[in-house]
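Using this note's numbering, the letters of the sequence shown correspond one by one to residues 42 to 258.
No residue lacks a Cβ here, since even glycine has one placed at the ideal position from N, Cα and C.
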Amino acid sequence: MADFIQRRVTMVDTQVRPSDVTKFPVLDAMLTVPREVYAPDAARDVAYADGPIPLGDGRQVLDPRATAKLLQALEPRPSDLVLELGASTGYTTALLAHMAEAVVAIEEDEDLARDAEAALSEQGVDNAALVQGALTDGSPKHGPFDAIAIFGGVEQIPDALTEQLKEGGHIGAIFMEGALGEARIGVKAGGRITWRMAFNATAPILPGFARAPSFAF
């Protein structure tokens with residue numbers, strides 16, 4: 042039987058800490074939440090490898106390094122209500138739930154949403170609600186939110202989502218420009234989002250977050 046606890050420790054020691062992730066709440070979450078439980082059966086044995094977990098149809102679970110660095114940059118607090126867009130398998134939902142007071146996680150793929158909800162329930166994650174629906178809708182009825190987490194690629198973020206963020210709240214995502222990308226953190230002040238670059242990263246663009254094609258005449 043695989044020693045997943047030791048693999049989790051090794052992941053943190055060899056992938057997360059060397060990537061300048063030093064904040065205890067992030068390290069504690071990465072050491073506590075069982076990544077293998079939220080991986081498809083065929084990928085459980087490689088859940089702690091240095092890379093993303095492919096899910097098909099252009100979806101993936103981010104690699105441990107990018108996941109931890111985005112968590113650290115976003116800085117969810119124990120009192121925060123967090124909106125997650127693109128819950129996929131529920132792994133990042135569980136990490137956020139470990140750090141924040143409550144999480145509302147949106148997943149539009151019906152199969153992923155069902156499996157994520159089952160895994161979260163099995164693990165006793167009772168401060169996270171999984172909502173199946175379009176990612177770009179968010180969940181206005183549960184907001185406004187202290188933080189919005191997007192563990193995936195975007196080219197643009199609709200105003201309808203940033204309107205669900207509280208004044209002073211944080212939002213994090215991986216912005217893609219072609220094959221290149223960078224994680225950015227935005228802070229809402231005066232009703233506007235001011236972005237800063239956090240670190241280099243790439244991820245497939247999530248459904249609904251591609252920039253609309255422009256036409257030249």
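Residue interval of the alpha helix (DSSP H) (run including residue i)
| i | result |
| --- | --- |
| residue 133 | 132-140 |
| residue 47 | 45-52 |
| residue 290 | Because residue 290 is not part of the residues shown, which for the chain are 42 to 258, the question remains open. |
| residue 156 | 151-163 |
Opening and closing residue of the beta strand (DSSP E) in which residue i lies
| i | result |
| --- | --- |
| residue 229 | 221-230 |
| residue 239 | 233-241 |
Residues that DSSP places opposite residue i in a beta bridge
| i | result |
| --- | --- |
| residue 211 | 188, 228 |
| residue 144 | 123, 169 |
| residue 246 | 194 |
| residue 206 | 186 |
| residue 77 | Answer by DSSP bridge pairing: none, since residue 77 is not bridged. |
Distance CB(residue i)-CB(residue j) smaller than 8 Å
| i | j | result |
| --- | --- | --- |
| residue 126 | residue 147 | yes |
| residue 131 | residue 160 | yes |
| residue 188 | residue 210 | yes |
| residue 133 | residue 45 | no |
| residue 74 | residue 112 | no |
| residue 173 | residue 151 | yes |
| residue 222 | residue 244 | yes |
| residue 72 | residue 49 | yes |
| residue 215 | residue 242 | yes |
| residue 247 | residue 213 | no |
| residue 164 | residue 53 | no |
Same chain, Cβ closer than 6 Å to residue i, five either side skipped, listed in chain order
| i | result |
| --- | --- |
| residue 56 | 91, 105, 106 |
| residue 145 | 124, 170, 180, 183 |
| residue 203 | 234 |
| residue 252 | 196, 197 |
| residue 70 | 136, 139, 140 |
7 Å CB neighbourhood of residue i in its chain, flanking five on each side removed
| i | result |
| --- | --- |
| residue 199 | 177 |
| residue 94 | 80, 84, 88, 101, 102 |
| residue 121 | 141, 142, 187, 188 |
| residue 237 | 225, 226 |
| residue 43 | 86 |
| residue 206 | 185, 186, 189, 212, 229 |
Spatial neighbours of residue i in its chain, beta-carbon cut-off 8 Å, leaving aside the 5 residues before and after
| i | result |
| --- | --- |
| residue 96 | 81, 102, 129, 130, 153 |
| residue 60 | 106, 109, 110 |
>> Just to confirm the assignment: which complete beta strand (DSSP E) runs, minimum length 3, are found wholly within the segment 91-122?
In response: Every unbroken stretch of the beta strand (DSSP E) spanning 3 or more residues and falling wholly within the segment 91-122 is given here in chain order: 94-97, 100-102.
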